[in-house]
Structures are given as structure tokens and as C-alpha cells.
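Here is the structure we will look at, set down as C-alpha cells.
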DNA sequence: GCCATGGCTATGTCCGGACAAGCGAACTAC
DNA sequence: GTAGTTCGCTTGTCCGGACATAGCCATGGC
């Protein structure tokens, strides 16, 4: 009702409030749109851009930064894709209003545990080659009975077993040494070997523990286990891994963020 | 070898092979980039664009269609985002080489069953309001003890129970009639009420069935169940639903596609 | 036979402009 | 007072161009 601004006033980007300190470095090899996107994302995460806050229109933002509108749009678009912001024609772009975390990424149990502050330990139970069963052959796209690599690991945290990990790999794709497998995760080893992971198809379910699984995981036979099967592809579409994992239900759950595709 | 084309030859978009029939309708209100993206996606799905096939460079494609390069790029970008294609600088854009399906969407069990050809049946066990427990209040962002809407449903397929669905909603958000709840899914009712779903935070785990769950689901007490908890947000960031679902482990699993965010 | 180099190609980034369309608020007519 | 209309705002779409840069091949020197 102040009479001067009838339209929604951007809370931060310009206006009477303290403007956001945004700037780009044209000598940097980092793309301009990426620099801007990073700064905006940091502002959202640190609360300097409050949920619901309007970003201010793209034209002003562009001229303020000495950029063109397409570049600013490209920056904002990456944040919209991440679910951090919403655009509304005729209204503006605003910070999404909820405790949104990251969308689900192709995650590794090792990394998950490490970021959670737990120090994961890995025991390699098997690291050999064996003839592919029908299921494994179909997943890896090789002939049934041909030799494939098998890695079986028991992962623990805080001294308690958490998961039993069985992974099948095409032969000769990555050399896997036991000491490396015990020191880090499989995905890191694959990336270090020059493989660019691209996508994965996962199935998550549940079932009762077998006697062998119960022994390894320190559970009772028949106890509920969380299961995950995953086929991972690299950027050329090759299958690089087929994993069958079981997790102790009391100690692990999958948590992730979904976005509605407009 | 042939002496005329030293560079990788696009298999379909131009060259000696039959070119893809692509065209855009400038009188249509559908955006041009979207028309092109749809046609390319259809060509991939029908196999007219084989996996690994190069798309041909963007400049030619643009001039052939009478479009500008940014528009063509925008079309291709949507397919790259979906994981159907991969760009390589200096090489070109090629169709991804695997049986990639859709990425995980904010899915409804009802829709999942329906598309799988099973005819889901729903029995509404409860449809009332009740005071929010601490857990529900935290999820919905309301005061503990305040009245919230509760819907409890048993979903079956082929005459067998599949899942027990408990959903809490903010009061007064959507009017829910029992006959509607038994005829369709909750998400459809919410969309029909003008709510634009935006994102959800899910946790998937497993546990043993309680006595009551076992009775409803026709399982033994202690049988493994797949559990899913979900908080759903609309595009303004409001929480619109908190769901606690349990599925019979033998009859249901979550299956989804993950993409690595570059 | 091997390696360095240069040139070609295709995507990556960026610009400045233009018009269309959805949205909301204020205004006007009843 | 209420309903319809107008108007200004903002994003959505599209264009044509420009230069940078990564990848690959062929050439030429060793």
C-alpha cells in the first residue's frame, strides 16, 4: 500500500532491501552462467535468498551484472532444474518454499556413509571371476556361462555390519585390487579408471534374510532386509556393473527427492 | 577408406541414408523446440534413430528445418536432460546406447498399477480427521494436536491385497469423498482440485509386519514389508500430503532410472 | 614406425534484439 | 458493490550472429 510499488517487490535482488552481492569474473574459464548459478545457489543455501523471495526480473539482473538476458536465463534454468526455484510468467522467479534437498543422485553407499560422518569399513569376501548365470548374463549383456568379474563385500559402520554387496562386472573393464576395494567405493575406482558413469536402473524391494545372509549381517534368518538391484551404464551406453545389494532394514533406508517433470 | 567422408557419418539425419522426416508447424501454438523434441523422441523410441546414431550437426539441422540453431539446441537439450542423447564436443550428438527408460517420476501406485495393466481396487478403511501426532505435525508443518485429515486405504490388484496406504493432509485442502477415493488415486484428486504437485521427499525402507498389517495384507506377522514415507510439496512449497505406505515385499518393488548430474 | 602438429568439425558459450502470452492489479462501467 | 476490461509487468519463445574449445584425423618430421 505504499503507493509506489504496486507489484510484488523483490526482497533481495534489488529494491529497498540490501541487494545481493553478485558478480562475475570474465577472465575466469568458468562459464558466466555457471558462476551466476553457483552464487545464487549459495545464497539460497545460506538463507540470504529467503524461501518465497522474488529474484527480480531477468532484464535488470542482466544489466546489473553486465550480462545478456539469455545468459542470466541459463543460470536460473539450472536452478529451476534442480528444484530450487520456480518461474511464473508475469510474476517472476522465486525461491522454492520448502526444505528441498538435492535430487537423488547416482549414489554410492560408501559416499553416503562418509558424508553422514560414519567411517565405513569394507571387508572383501570374494574378488574373482566366475561363469555368468542367466540373470547376470542378461544384465551385463554377455553370453550365459562366459566369465565375468565378481566382487562380494561386507560393509560396516561403527563396527556393525550394514550391507552385503555383490557386484558383477564385465571382464577386464576395471582392475580391482583388494586393498583398493577396502579403502574406497567401487564407483570411485571406476571413475578413476576413466569410466564416465551416466545412468543406472534400480529396483528396490524387500525380502527375508537367508541363513547365510543372516550370519554375515548378524541378523536372524527371516529378518526383513532391504534389497537393491542396479544396472549401471556409462556414457556410451555400455553396461559397466550389475549389483545385488542387501541392507539391514533397521540400519539403512533410501532417501531421495523427486521432481515433477513439467 | 571411401575417401569422401573421413568424419563419422550421421546414420539418419542426413548423408546417404534415408533422412529422418522432420518438420515443424509454425501455425501451431506448440513451441517449435517442443515439436522437434517430440519428433526426435518418437524416432528414438520407434528405432528410426538407432542407438549410437549421430544426429548430424546442429547448424545443418537448423537450416534444413528453417529454424535457428538456438531453437534446435533447445530441443536437443530436453532430450539430453531425459538421458536419451549424449553430446560430445567436436564429435556430435548421439542417441544413447542402452535400454534407457524414463527417469523416476513422482509416481502414484494407482497409476503404476493401471499402466501395468492390472486393475487396481481400493477399499477406504478410514476417512476422517484426527489430532496430529508429533511426527505428522512435523511433516505437515502444523501444530501438534491440531486436526488433520487422515485417509487409510487398502489397495489390491487381481483380488490380492498389495499395499496399505495411510495419508495425512492439511485440513480443508482437498475435499475427499469415499467414492472418489475408491475410483482413482489421491494424486489425481489433488490435481483435479487445482493443486500443482512439484516435488516430494521419499524414504524407502523395510521392516517386519505388525499383527494388524499382517491381517489386512494377508501375510504372517513378522513377514518382510517394503515401506515408503513421502512428504509432497506443491509449487509454492506448501506441504500437501504426508504418506506412510507399506507394501507386500513379494508383490511390489520400486523401479527407477537415475541420471548422473554432469 | 612413431610422435608432434596443424587443420577441420562440432558443440559450448555468449550477445542483443524482437514479439507473444500469462498474470495481477488498477481502473471503469454497471 | 461488483464484474468486466485495460494495462503494465515478467517470463516464454525465437532469431542470427560471433568466438572459444575439445576431439579427431591426416600430414609431416624424426
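Residue numbers (the working numbering), protein chains in the order written: chain F, 1 to 262; chain W, 1001 to 1262.
We treat Cβ as the ideally placed atom computed from N, Cα and C, and that holds for glycine.
- Proximity of the segment 122-129 of chain F to the segment 82-96 of chain F falls short of the contact definition, fewer than three beta-carbon pairs being nearer than 8 angstroms.
- Ranking 236/F, 244/F and 192/F by CA distance to the CA of residue 230/F puts 244/F first.
- According to the DSSP assignment, residue 1209/W belongs to no alpha helix (DSSP H), since it is labelled neither H nor E.
- Using a 10 angstroms sphere on the CB of residue 71/F, the tally of other CB atoms reaches 16 or more, which defines it as buried.
- With respect to chain W, the C-beta atom of residue 255/F has a partner C-beta closer than 7 angstroms.
- The beta carbon of residue 1202/W sits closer than 7 angstroms to some beta carbon of chain F.
- Contact annotation: residue 1049/W and residue 1043/W have beta-carbon atoms nearer than 7 angstroms.
- Runs of the alpha helix (DSSP H) spanning 4 or more residues and lying entirely within the segment 1026-1085 of chain W occur at 1032-1045, 1058-1065 and 1069-1081, in chain order.
- Assignment of residue 1124/W by DSSP, reduced to helix, strand and coil, places it in the strand class.
- Contact between residue 1249/W and residue 1224/W is confirmed by a C-beta separation of about 4 angstroms, below the 8 angstroms threshold.
- At a cut-off of 7 angstroms between C-beta atoms, residue 97/F counts as an interface residue with respect to chain W.
- Contact between the segment 1075-1087 of chain W and the segment 1030-1037 of chain W is present: three or more C-beta pairs spanning the two stretches fall below 8 angstroms.
- Contact between the segment 1161-1176 of chain W and the segment 209-222 of chain F is absent: fewer than 3 CB-CB pairs across the two stretches fall below 8 angstroms.
- For residue 131/F, no chain W residue has a C-beta closer than 7 angstroms to its own C-beta; the minimum C-beta separation is roughly 24 angstroms.
- Interface flag for residue 1207/W against chain F is set, since a Cβ pair is found closer than 7 angstroms.
- Interface criterion not met: the Cβ of residue 1068/W is under 7 angstroms from no Cβ in chain F.
- Taking a Cβ-Cβ cut-off of 7 angstroms, the neighbours of residue 1235/W in chain F comprise 86, given in sequence order.
- Taking a beta-carbon distance threshold of 7 angstroms, residue 83/F counts as an interface residue toward chain W.
- Note on geometry: alpha-carbon atoms of residue 1251/W and residue 253/F lie some 19 angstroms from one another.
- Taking the C-beta atoms as reference points, residue 1234/W is found nearer than 7 angstroms to residue 1196/W.
- Burial is judged here by how many other beta carbons sit within 10 angstroms of a residue's own beta carbon; residue 1177/W has fewer than 16 and is exposed.
- With contacts defined by Cβ atoms closer than 7 angstroms, residue 1200/W and residue 226/F do not form a contacting pair.
- Taken through DSSP and simplified to helix, strand or coil, residue 1235/W comes out as coil.
- Per DSSP, the continuous beta strand (DSSP E) segment holding residue 1152/W begins and ends at 1147-1157.
- At least one CB of chain F lies nearer than 7 angstroms to the CB of residue 1249/W.
- Around residue 186/F, no beta-carbon contact reaches into chain W at under 8 angstroms, the shortest distance being about 15 angstroms.
- Under the Cβ distance rule, residue 125/F does not count among the residues neighbouring chain W, no pair being separated by less than 7 angstroms.
- Chain W places a beta carbon closer than 7 angstroms to that of residue 226/F, counting this residue as a contact.
- DSSP places residue 1163/W in the uninterrupted beta strand (DSSP E) bounded by 1160-1169.
- Nearest to residue 1206/W by C-alpha distance, out of 189/F, 29/F, 147/F and 247/F, is 247/F.
- Our two residues, residue 1186/W and residue 1130/W, have alpha carbons roughly 19 angstroms apart in a direct line.
- The C-beta of residue 83/F has 16 or more other C-beta atoms within 10 Å across all chains shown, which makes the residue buried.
- Close partners of residue 161/F in chain W (Cβ separation under 9 angstroms) are lacking, with about 16 angstroms as the shortest Cβ gap.
- Against chain W, the beta carbon of residue 51/F has neighbours under 7 angstroms at 1237, listed in chain order.
- Ranked by Cα distance from residue 1061/W, the first of 1040/W, 1051/W and 1046/W is 1040/W.
- Residue 95/F: member of the beta strand (DSSP E) spanning 92-95, first to last residue.
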